[in-house]
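Asker: Please see the structure below; I have some questions.
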Amino acid sequence: MIGRLSGQIVQKQPPELLIDVNGVGYEVSAPMSTFYALPELGENVILHTHMVVREDAQLLYGFSSESERTLFRLLIKINGVGPKLAITILSGIATDDFIRCIHDNDAAALVSLPGIGKKTAERLIVELKDKIGAEAETGADSISTAAMSSANSGSALSDAVSALISLGYKANDASRMVRSIDTEGLNTEDIIRQSLQGLGR
Numbered sequence: 002m003i004g005r006l007s008g009q010i011v012q013k014q015p016p017e018l019l020i021d022v023n024g025v026g027y028e029v030s031a032p033m034s035t036f037y038a039l040p041e042l043g044e045n046v047i048l049h050t051h052m053v054v055r056e057d058a059q060l061l062y063g064f065s066s067e068s069e070r071t072l073f074r075l076l077i078k079i080n081g082v083g084p085k086l087a088i089t090i091l092s093g094i095a096t097d098d099f100i101r102c103i104h105d106n107d108a109a110a111l112v113s114l115p116g117i118g119k120k121t122a123e124r125l126i127v128e129l130k131d132k133i134g135a136e137a138e139t140g141a142d143s144i145s146t147a148a149m150s151s152a153n154s155g156s157a158l159s160d161a162v163s164a165l166i167s168l169g170y171k172a173n174d175a176s177r178m179v180r181s182i183d184t185e186g187l188n189t190e191d192i193i194r195q196s197l198q199g200l201g202r
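Be aware that the sequence shown starts at 2, since it is given in the numbering used here, and climbs by one per residue.
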């Protein structure tokens, strides 16, 4: 199994990454919280990874911190929560906020995430409440949200909408979320971050 990647960022198209490791390109899916912490294209990055092997595919998921990967692994053990939904959850809520929701029985906050209904939210709280304190909080590090400086363009807007759709939002909702913020001067990652933050207001 591949548990860690260290290489050069070749491509960023949320939620997908292409990492060059000694001439081998690894396709990695990552939550937006990891994208926010990534350096620029061409620079080196270290990702904590989780590999999922299926009959028809071998999928690699990458995270900027071990606490994120730990939470991802806890989530995919829950009935009805696969890797794609786990990535969506991590993209829509910070690790610390998710832990707080679990401890506070805050199902309403979880239901606001795409793909999470009332029953799934309640199941997450019931099944994770005893586990999450011991596994996800131990040594949990704050997720860096380093600002990116690349110029905004029409492609950044369309890429942001595409990324939100990939994360489970409907096309109309994704477009509305992007239109609700001032996108001038923002790159794709910043547009997605502010769009997601706008949901909690």
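Note that beta-carbon positions come from the ideal geometry of N, C-alpha and C, so glycine has one too.
How many angstroms separate the CA atom of ARG74 from the CA atom of ASN173?
Answerer: Along the sequence shown, one-based indexing puts residue 74 at 73. Along the sequence shown, one-based indexing puts residue 173 at 172. Roughly 31 Å between the two C-alpha positions.
Asker: To which residues of the same chain is ILE47 closer than 8 Å at the C-beta, ignoring the five residues directly before and after it?
Answerer: Locating residue 47 in the sequence shown gives position 46, counting from the first residue. Excluding sequence neighbours, ILE47 sits near ARG5, LEU6 and SER7.
Asker: Taking only the alpha-carbon atoms, compute the straight-line gap between ASN153 and GLY186 and give it to the nearest angstrom.
Answerer: What you label residue 153 is simply residue 152 of the sequence shown in a count that begins at 1. What you label residue 186 is simply residue 185 of the sequence shown in a count that begins at 1. Residue confidence for ASN153 is low, a pLDDT of 37 falling below 50, so the modelled location carries little weight; the figure read from the coordinates is stated next. Their backbone Cα atoms lie some 5 Å apart in a straight line.
Asker: I want to know whether the stretch 30 to 41 touches the stretch 86 to 102 - three or more CB-CB distances under 8 Å.
Answerer: At 8 Å Cβ cutoff, the stretches touch.
Asker: Which full runs of the alpha helix (DSSP H) of 4+ residues lie inside the stretch 71 to 112, going along the chain?
Answerer: Listed in chain order, the complete alpha helix (DSSP H) runs (minimum 4 residues) inside the stretch 71 to 112 are 84 to 93, 96 to 104 and 108 to 112.
Asker: Between which two residues does the beta strand (DSSP E) harbouring ASP21 extend?
Answerer: For the purposes of this step, residue 21 is identified with residue 20 of the sequence shown, where counting begins at 1. 17 to 22 is the span of the beta strand (DSSP E), which, as asked, contains ASP21.
Asker: From GLY116 to GLU69, what does the alpha carbon distance come to, in whole angstroms?
Answerer: Within the sequence shown, numbered from 1, the residue matching residue 116 stands at position 115. Within the sequence shown, numbered from 1, the residue matching residue 69 stands at position 68. Between GLY116 and GLU69, the C-alpha separation is close to 19 Å.
Asker: State the DSSP-derived secondary structure class of LYS13, mapped to helix, strand or coil.
Answerer: By one-based count along the sequence shown, residue 13 stands at place 12. In the structure shown, LYS13 sits in a strand (DSSP, three-state: E or B).
Asker: Would you report the Cα separation of ASN106 and VAL162, rounded to the nearest angstrom?
Answerer: By one-based count along the sequence shown, residue 106 stands at place 105. By one-based count along the sequence shown, residue 162 stands at place 161. About 31 Å.
Asker: Which term fits LYS119, buried or exposed, when burial requires 16 or more other beta carbons within 10 angstroms of its beta carbon?
Answerer: Here residue 119 refers to the residue found at position 118 of the sequence shown. So LYS119 ends up on the exposed side.
Asker: Could you work out which residue in ILE79, ASP98 and ARG177 is closest to LYS132 when comparing CA atoms only?
Answerer: For the purposes of this step, residue 132 is identified with residue 131 of the sequence shown, where counting begins at 1. Residue ILE79 is the option with its Cα nearest to LYS132.
Asker: Assign SER2 to buried or exposed, taking buried as 16 or more other Cβ atoms, counted over all protein chains shown, within 10 Å of its Cβ.
Answerer: The sequence position of residue 2 within the sequence shown is 1, counting from 1. Before going further, note that residue 2 is Met rather than Ser in the sequence given. Exposed, by the Cβ-count rule.
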